[in-house]
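A short write-up of the structure that comes next.
Residue numbers (the UniProt record's numbering): 1 to 117.
What follows is the structure, encoded as structure tokens:
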């Protein structure tokens, strides 16, 4: 009878050790899997940063006046308007209180700094 409790305790100890080892292996496998996922995520992040850099440079090139003119002429088929189609627009340079007395009296003279064709 004395042997039976020892055998039960020994079996429980072996089972607990095996269970701990299985949990350790599962956690180790999960750690390795997460490491691979992290590596892929970092590679994707680096790729996306490079794409963002390239797209930023491309967007900046689209904002230059030369690029806008080139696209307007080639892709959109636009041409400069003839002089008779150009209508001068008065700017915001001269507010009513800043106007010269002569231009207020004439009424049709452009504000200072403006040119009329």
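For each residue, glycine too, the CB sits at the ideal point set by N, CA and C.
- DSSP places residue 69 inside the alpha helix (DSSP H), whose first and last residues are 65-74.
- Secondary structure at residue 40: helix, using DSSP grouped into helix, strand and coil.
- Counting only the Cα atoms, residue 65 lies some 21 Å from residue 89.
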